[in-house]
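Accompanying notes for the structure given below.
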Amino acid sequence: MRRSISYVLVLAGAVVMLLPFAAALGNSLKSFAQYIQVPPVWLPDPVQWDNYAEVWRRTPFGLYLANSLLIAVLAVAGNVVTSATVGHALARMRLPGKQALLTMALGTMMLPTVITIVPNFLLFRSLGWLDTLLPLIVPYWLATPIGIFLMRQTFLAIPKDFEEAASLDGANPWQVFWRVHVPLAKPALATLAVFTFTTSWKAVLEPVIYLTSPENYTLPVGVLSLKGQFVGNDQLVTAAAMMSLLPMLVVFVLAQRYFVRGTMSAGLKG
Amino acid sequence: MRVRMLAAAAAVLALAATAACGGGSAGDDGTVTLRLGFYAAAGDPADTTMRELVKEFSAANPSIKVQLEVAPYVKFFERLRTQIAGGQAPQVWLSDGVLVQEFAARGALADLTDRVKTVNAADYSGIELNRDQKGRVFGFPQGAQTPVLFYNKKLFAEAGVAEPTAEWTYDDLAAAAKKLTKDTNGDGKPDTYGMRVYSPGFTESWWPIIKAFGGDIVTDGNRKVVVDSPEAKAALDWMLAAMGKDGFAPDYVTTEALGKGAVHALFATGRVAMSYGIYARTLPAVNAKVDFGVAPLPKGPKGRGNVAIVNSWVVSKAASPAQADAAWKWITYFAGEGPQSRWARLGEAIPINKKAAASALPADRGKVFLEALDAAGDLGTNAVWSEYTEALAKRVNEALSGATPVATALKTGQQEAQQVIDRFYAGQTQ
Chain A
1 MRRSISYVLV
11 LAGAVVMLLP
21 FAAALGNSLK
31 SFAQYIQVPP
41 VWLPDPVQWD
51 NYAEVWRRTP
61 FGLYLANSLL
71 IAVLAVAGNV
81 VTSATVGHAL
91 ARMRLPGKQA
101 LLTMALGTMM
111 LPTVITIVPN
121 FLLFRSLGWL
131 DTLLPLIVPY
141 WLATPIGIFL
151 MRQTFLAIPK
161 DFEEAASLDG
171 ANPWQVFWRV
181 HVPLAKPALA
191 TLAVFTFTTS
201 WKAVLEPVIY
211 LTSPENYTLP
221 VGVLSLKGQF
231 VGNDQLVTAA
241 AMMSLLPMLV
251 VFVLAQRYFV
261 RGTMSAGLKG
Chain B
1 MRVRMLAAAA
11 AVLALAATAA
21 CGGGSAGDDG
31 TVTLRLGFYA
41 AAGDPADTTM
51 RELVKEFSAA
61 NPSIKVQLEV
71 APYVKFFERL
81 RTQIAGGQAP
91 QVWLSDGVLV
101 QEFAARGALA
111 DLTDRVKTVN
121 AADYSGIELN
131 RDQKGRVFGF
141 PQGAQTPVLF
151 YNKKLFAEAG
161 VAEPTAEWTY
171 DDLAAAAKKL
181 TKDTNGDGKP
191 DTYGMRVYSP
201 GFTESWWPII
211 KAFGGDIVTD
221 GNRKVVVDSP
231 EAKAALDWML
241 AAMGKDGFAP
251 DYVTTEALGK
261 GAVHALFATG
271 RVAMSYGIYA
281 RTLPAVNAKV
291 DFGVAPLPKG
301 PKGRGNVAIV
311 NSWVVSKAAS
321 PAQADAAWKW
331 ITYFAGEGPQ
341 SRWARLGEAI
351 PINKKAAASA
361 LPADRGKVFL
371 EALDAAGDLG
381 TNAVWSEYTE
391 ALAKRVNEAL
401 SGATPVATAL
411 KTGQQEAQQV
421 IDRFYAGQTQ
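Residue numbers (UniProt numbering), protein chains in the order written: chain A, 1 to 270; chain B, 1 to 430.
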């Protein structure tokens, strides 16, 4: 009985969570006239599959997809490597002032992006990086505060016995990190990879500010570029948004096992 | 293996770095590079037409190399503000008319006053709406918007109500709107309303209504907020009655929930028989195949309260003399009868070239819009227009939602909007 109630509650929760997604899917298949209908209708009639084709006709959607993928993959690679090394150093190495360094890194998380966007714009301008993909990739190669924090906590949770046993076998600090600690931190690394991928994938403000040439646009900027000031293209914007969701879903499904284990272990550190 | 991976990563980064870098301002061969910014949705007719016009302009001016920077409206201005702060603004861009003074007051725009003197001002609409207190002009009109009364001919015919005329008063409008309000399914709530009065976009709502009732929003070079007046209160009371006891307009919550752009769906979908709308609102109505007409705004105790927004080309102060010349060449090219007529066919804006306006606008609607434009004042533009109107609109909306008494809302709104203006202009010499 208790189990049935649980299932019903979980199912109800799932329906509530999926409802906006279903509404968006329905909207992506409506005509504009149906999209703006008051009161709104749930089911598209007739179903406008052509909205999806129209997105591809109006924009170089494949190019936007390729740009987003390139940025996301390089961001993930960069952030996982650098955050893991920095996190490991802060957790395992004897460094003067490491607590202060960690506090400073975490402190930057409190700054909203809009505060730092102009200084960053000036920095990237002086580097000649405006209207290139570099401002969207390189910051991830310098370790992110959330990545540093996650990896530090993960490495702190690994018992010292592993490290001591490896050292007795002649392993140097790099080998301890690479051969002992990194394999044990796989769930956290997968979690960080998914977080980084989704953060990079859905970023809007930075690409809008830094990119001016359509050939450099990322997927969210490309999706938004369909939005008219006076003419409603909302059904096309929604169709484009639905398509841009797919790669994120694939990444999540592939990394789900590690991701769930990673988030759970982060919360259960003893 | 590790070396190969590093090399591959370096190659990918180099590829990302070299992707479409911007060009310089002037070449040795005398060519001028002009970065031109404008807002449009990708693939929309406006986007396509602008690109065609740029192509034709470039063909006629081979020494000017135009680089387009396009983004949808909101994102365009988000990026532009950062670009201005970073000294990277395009040399010429299309500005929303209400933002020209904001950019000018922050030193981002070149003064076009002397250049404007070289054209025959009588050929164009809207130049004077861009003139600031000192008589300077920082933007040259690209297209104009002014609200008029849209009405659904079919709904008027079905209700047996005579169509609006230029002689209509607010009482006539209310009387017709009541007759047009219908509850066809008997659920106690109207399915069709006579009029939409509230909109989150105040240009088509409380701003012209307050002016028509004899009130004003800002005076003294748009630096003194004067909305706290008995006339403005009468205007808002009229709107509240329309949404409340008279019941001929959808209530505040229903309208607000639709958002700034979608509120015009009410007219396009036949939920309201009348609505104030700028020229661009013809697009959704035409797309939805509504049989509609337009009429002048009704007369209030003190006129019609016509207002206009003149979207304008502006030139960056940071542009080199050669770039500024090239920018002006583009601006005058776009203001020509040919490009303006092409732009008019999009149905987005009233052409600012009077010849193009006379010939290219639909005959049945053109006259009403052009007369409204001729009679229009500006929309209270100043250097902090976005901020002070936001402060004021917040309080007016509280009144229209019934959350705050009208008198209190107007008093508070006036104080808060004035504070925003005073804060900016305190100590400024201009």
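C-beta: ideal position from N, C-alpha, C; glycine also.
Computed from a predicted model, the values in this text were never measured in an experiment.
B/Arg79 vs A/Thr218 beta-carbon contact at 9 angstroms: no
If you draw a straight line from the alpha carbon of B/Asp422 to that of B/Gln415, how long is it in whole angstroms? 10 angstroms
Buried or exposed: B/Arg365, going by 16 or more other Cβ atoms within 10 Å of its Cβ? buried
Rounded C-alpha distance that separates B/Thr255 from A/Arg57: 34 angstroms
Please classify B/Ala144 as buried or exposed, where buried requires at least 16 neighbouring CB atoms within 10 angstroms. buried
Inter-residue spacing [alpha-carbon to alpha-carbon] between B/Lys65 and B/Phe150: B/Phe150 has its alpha-carbon roughly 42 angstroms from the corresponding atom of B/Lys65.
Output, in chain order, the set of chain A residues within a Cβ distance shorter than 8 angstroms of B/Ala42. Near B/Ala42 (Cβ distances below 8 angstroms), the residues of chain A are Arg58, Thr59, Pro214, Gly222, Ser225, Leu226.
Within 10 angstroms of the Cβ of B/Tyr170, are there 16 or more other Cβ atoms? Answer buried if so, exposed if not. buried
Can you find a C-beta in chain B that's less than 9 angstroms from the C-beta of A/Val118? yes
Quick check: is the beta carbon of A/Phe32 nearer than 9 angstroms to any beta carbon in chain B? A/Phe32 has a beta carbon lying within less than 9 angstroms of a beta carbon in chain B.
Could you give the first and the last residue of the continuous alpha helix (DSSP H) run that contains A/Leu168? Its alpha helix (DSSP H) spans residues 160-168.
Report the residues of the stretch 302-323 of chain B with a CB closer than 8 angstroms to any CB of chain A, ordered along the chain. Contact annotation: in the stretch 302-323 of chain B, no residue has its CB less than 8 angstroms from a CB in chain A.
So that I know if they touch, is there some Cβ in chain A lying closer than 9 angstroms to that of B/Arg106? no
Local conformation of B/Tyr124 per DSSP, three classes: strand
A/Gly78: first and last residue of the uninterrupted alpha helix (DSSP H) it sits in: 61-92
Specify, as a first and last residue, the run of the alpha helix (DSSP H) that A/Asn51 falls within. Where A/Asn51 is concerned, the enclosing alpha helix (DSSP H) stretches over 50-58.
In the stretch 183-204 of chain A, which residues sit with their C-beta less than 9 angstroms from some C-beta in chain B, listed in chain order? Val204
Closer than 8 angstroms is the cut-off here; do at least three beta carbon pairs connect the stretch 262-275 of chain B with the stretch 353-371 of chain B? no
Counting beta carbon pairs with one atom in the stretch 170-181 of chain A and one in the stretch 97-109 of chain A, are three or more of them shorter than 8 angstroms? Pairwise C-beta distances place the stretch 97-109 of chain A out of contact with the stretch 170-181 of chain A, as fewer than three of them are shorter than 8 angstroms.
Given this structure, state the Cα-to-Cα distance separating B/Ser205 from B/Leu297, to the nearest angstrom. When rounded, the distance between both Cα atoms is 11 angstroms.
Run down chain B in chain order and give the residues with a C-beta less than 8 angstroms from the C-beta of A/Asn233. Ala41, Asp44
With a cut-off of 9 angstroms, does the C-beta of A/Leu142 fall near any C-beta of chain B? no
Thinking A/Ser83 and A/Ala143 are a contact (beta carbons under 8 angstroms), I'd like their distance in whole angstroms, please. Taking a contact as a CB-CB distance under 8 angstroms, the pair A/Ser83 and A/Ala143 counts as one, their CB atoms being some 5 angstroms apart.
Quick one: is B/Glu231 near chain A, going by C-beta distance under 9 angstroms? no
When A/Ile36, A/Leu9, A/Asn51 are compared against A/Ser28, the one with the closest alpha-carbon: For the residues A/Ile36, A/Leu9, A/Asn51, the minimum Cα distance to A/Ser28 belongs to A/Asn51.
Mind listing the chain A neighbours of B/Glu416? Cutoff is C-beta to C-beta under 8 angstroms, in chain order. Simply none; closest approach about 23 angstroms.
Is the shortest distance between the beta-carbon of B/Lys179 and the beta-carbons of chain A less than 9 angstroms? no
Straight-line Cα distance separating B/Thr82 from A/Leu254: Inter-residue distance for A/Leu254 and B/Thr82 is about 38 angstroms (C-alpha atoms, whole angstroms).
Measure from the alpha carbon of A/Val194 to the alpha carbon of each residue in A/Ile137, A/Val250, A/Pro20, then state which is nearest. A/Val250
With distances taken Cα to Cα, identify the nearest neighbour of B/Gly380 among B/Gly107, B/Gln101, B/Lys179. B/Gln101
Using a cut-off of 9 angstroms between C-beta atoms, extract the partners of B/Lys211 located in chain A. Neighbours of B/Lys211 on chain A: none; closest Cβ ~24 angstroms, over 9 angstroms.
Excluding the five sequence neighbours on either side, which residues of its own chain have a C-beta within less than 7 angstroms of the C-beta of B/Ala417, listed in chain order? Val225, Tyr388, Ala391, Leu392
Alpha carbon of B/Asn311 to alpha carbon of B/Leu155, nearest angstrom: 33 angstroms
Find the nearest neighbour of B/Val368 within the set B/Gly305, B/Tyr279, B/Gly107, B/Phe57, judged by alpha-carbon distance. B/Tyr279
Look at B/Glu348 and B/Leu283 and say whether their C-beta atoms are less than 9 angstroms apart. yes
Cβ of A/Leu19 within 9 angstroms of any chain B Cβ: no
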